[in-house]
């Protein structure tokens with residue numbers, strides 16, 4: 030069965046009735062991988078019929094609250110009702126610095142967010158160069174991107190050799206085209222319209238230029254600030270990219 034992606038959030042830190050903060054779920058060979066864990070993600074999972082206990086991996090692109098703000102609540106919820114019904118381990122994959130970030134969370138919440146050691150693993154990936162991590166049904170490659178010191182883009186290759194790339198939040202950087210090379214699907218931030226570029230983020234034409242250079246087959250634009258709602262995002266992207274363009278909407282499902 031081919032891997033499937035569901036957009037859980039296509040927005041930002043700005044509250045929106047239509048768009049939750051940026052996050053998505055990947056289903057692949059029985060595994061459920063959550064990418065980013067901002068506010069509202071647990072409710073979105075319920076809306077698509079997925080229990081938090083079904084999630085085996087959480088990948089964090091960086092630690093800004095709109096991408097990590099529900100992590101403590103997620104871990105807290107996994108502990109209840111007592112005894113916890115958690116039957117499979119949870120692995121959190123993030124850039125270097127996550128363990129320190131997590132220790133600070135524990136300084137606030139204590140054992141409320143501590144899972145049994147056999148049910149919880151942290152994998153920190155290099156934030157200075159490309160890194161790799163092998164899992165049972167997929168492989169992970171990461172590369173640092175231009176947003177925060179811990180920011181990573183991820184490339185997931187499933188058991189059918191299909192490649193998904195997630196940019197996370199980023200500005201233009203050399204690594205993006207490298208990690209996205211020949212990807213079947215790239216989920217790429219496009220936070221602001223072309224005429225309102227903000228440091229640390231991409232615009233539609235910049236995202237398209239990266240995807241075109243990388244030979245990406247399909248490009249999903251996401252992480253839209255409210256100003257994007259009044260802009261022709263697709264046509265701006267089309268000026269630099271000739272593949273299929275998908276504008277992310279919450280609860281949209283895409284086959285890999």
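Residue numbers (the numbering used here): 30 to 285. Cβ coordinates follow ideal geometry from the N, Cα and C atoms, glycine included. Remember, it's a predicted structure, so these values are computed and weren't measured experimentally.
Residue i vs residue j beta-carbon contact at 7 Å
i           : j           : result
residue 26  : residue 213 : Past the boundaries of the shown model lies residue 26; the chain is included only from 30 to 285, so the question cannot be answered.
residue 153 : residue 92  : no
residue 73  : residue 37  : yes
residue 251 : residue 39  : yes
residue 136 : residue 166 : no
residue 243 : residue 210 : yes
residue 123 : residue 144 : no
residue 87  : residue 66  : yes
residue 70  : residue 255 : no
Terminal residues of the beta strand (DSSP E) in which residue i lies
i           : result
residue 204 : Run containing residue 204: none in the beta strand (DSSP E); it sits in the alpha helix (DSSP H), 203-208.
residue 33  : 33-38
residue 214 : 214-218
residue 86  : 86-88
residue 193 : 192-195
residue 55  : 52-57
residue 227 : Segment: none, residue 227 is in no beta strand (DSSP E) and carries neither H nor E.
residue 270 : Segment: none, residue 270 is in no beta strand (DSSP E) and carries neither H nor E.
residue 173 : 167-173
Neighbourhood of residue i by C-beta distance below 8 Å, restricted to the same chain and skipping five residues each side
i           : result
residue 204 : 159, 172, 173, 174, 182
residue 68  : 49, 50, 94, 95, 98, 99
residue 241 : 269, 270, 271, 272
residue 267 : 237, 274
residue 150 : 118, 119, 120, 121
residue 85  : 60, 61, 62, 117, 118, 119, 120
Cβ-based neighbour list, residue i, same chain, cut-off 6 Å, excluding 5 preceding and 5 following
i           : result
residue 115 : 82, 107, 148
residue 168 : 186
residue 219 : 231, 233, 236, 250
residue 141 : 105
Bounding residues of the alpha helix (DSSP H) (the contiguous stretch that carries residue i)
i           : result
residue 266 : 262-267
residue 252 : No alpha helix (DSSP H) holds residue 252; DSSP gives it neither H nor E.
residue 73  : 70-76
residue 97  : 94-97
residue 235 : 233-243
Supposed close pair residue i, residue j - CB separation, criterion 8 Å
i           : j           : result
residue 249 : residue 216 : 5 Å
residue 176 : residue 126 : Their Cβ separation, rounded to whole angstroms, is 13 Å, which puts residue 176 and residue 126 out of contact at 8 Å.
residue 184 : residue 170 : 4 Å
residue 257 : residue 221 : 7 Å
residue 279 : residue 47  : 7 Å
Taking the runs of the alpha helix (DSSP H) that are 4 residues or longer, which of them lie wholly in the stretch 102-139? When DSSP assignments are scanned along the stretch 102-139, the uninterrupted stretches of alpha helix (DSSP H) that are 4 or more residues long and fall wholly within it turn out to be 127-138.
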